[in-house]
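Peer 1: Residue numbers (full-length UniProt numbering): 1 to 248. Cβ coordinates follow ideal geometry from the N, Cα and C atoms, glycine included. The model shown is predicted, which means the values in this text are computed figures rather than measured ones. The structure under discussion is supplied below as C-alpha cells; questions concerning it will follow.
The structure is reproduced here in C-alpha cells:
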C-alpha cells in the first residue's frame, strides 16, 4: 500500500449530489457541503451536534446558510497535509479546531490502511486524542460541527463515540452512521475523490461491521470507552457533561 487513505481534495456537486432538505430527509441543503446533518440523534438537543464532509468547497452562497445553523466550533479531523491543500472556509465568528485522527503520512513508516476493515481499528489506535478532543469540545455546550474530508469514516467514528457516550443504543448509532451512504450518494455506487497525491480514487460505502470493530478496539485498549477517552485527555467532568446535553 503506497497511497494514503481517502482524502477529498476536489469533490464537486457533479461528483456528490448534495441532498435536498425536506420534511422526510435529515440532510441540510448547503451548497457544496455533502452529508450535512444534525447528528444529535435524540440524545443531544437539536442544533448542538452536526456532521458533514469537508468545508473547503463552501460557496459564498453557502457561507450564510451554514452560519444560520448557529455553529460555534468546527472540528476538522483531517491530516495537516489535507488541510494545507484544501483549507476550510468558515463563517465569521466560528472557532476552528484541528485535531487529526490519523497520523501525518510523512511521519509514519507505513501509510494509512486503504481497506476499511483495517482502517477502522487503526483509527481507534491512532485517533484517541482527536476523539477526546471532540468530547471536550462538545462538553462546553457550544454547537459543534465535526468533519473530515469525505465525511464518513473519521467523522462517522467520532460521531458514533459521542452518541454512544450520551446513551444512544448501538443499533441506533449504527443506523445513523449508515445514513452517510445516502448523504454521499454511495448507495448509488462508488464516489470519486482525490488522494494526497492528486490521484482519483473511489470511495466505498460505510459498513456497520467496520464501525463496530473500531468501537471494540477502543474498548479493548483500555477496558471501557470512558477509560479510553480519559487516557487520551477527556476528564470525568467532560464525560458527565455530555449526559446533560439532551433535549429539554
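Using the rule of at least 16 other Cβ atoms within 10 Å of the residue's Cβ for burial, across every protein chain shown, is residue 61 buried or exposed?
Peer 2: It is exposed - the Cβ of residue 61 has fewer than 16 other Cβ atoms within 10 Å.
Peer 1: I want to see whether chain D comes within less than 7 Å of residue 91, judged by CB atoms only; does it?
Peer 2: Going by chain labels, chain D is absent from the structure shown, which holds only one protein chain.
Peer 1: In the DSSP assignment, find the alpha helix (DSSP H) that holds residue 203 and state where it starts and stops.
Peer 2: Counting along the chain, residue 203 falls outside any alpha helix (DSSP H), though it belongs to the beta strand (DSSP E) covering 200-203.
Peer 1: Which residues mark the beginning and the end of the alpha helix (DSSP H) in which residue 213 is found?
Peer 2: That run of the alpha helix (DSSP H) goes 208-222.
Peer 1: By Cβ distance below 8 Å, which residues in the same chain neighbour residue 209 in space, the five residues on each side in sequence not counted?
Peer 2: 117, listed in sequence order.
Peer 1: With 16 as the cutoff for other CB atoms within 10 Å, does residue 41 come out buried or exposed?
Peer 2: It is buried - the Cβ of residue 41 has at least 16 other Cβ atoms within 10 Å.
Peer 1: Given a threshold of 16 other Cβ atoms within 10 Å of its Cβ, counted over all protein chains shown, does residue 46 qualify as buried or as exposed?
Peer 2: Counting Cβ neighbours within 10 Å, residue 46 comes out exposed, since fewer than 16 surround it.
Peer 1: Terminal residues of the continuous alpha helix (DSSP H) containing residue 180?
Peer 2: Taken as a continuous stretch (DSSP letters only), the alpha helix (DSSP H) holding residue 180 covers 180-183.
Peer 1: Do residue 53 and residue 150 have their C-beta atoms within less than 7 Å of each other?
Peer 2: A contact, by the Cβ cut-off of 7 Å.
Peer 1: Which word fits residue 154, buried or exposed, when buried means at least 16 other C-beta atoms lie within 10 angstroms of its C-beta?
Peer 2: With 16 or more other Cβ atoms within 10 Å, it is buried.
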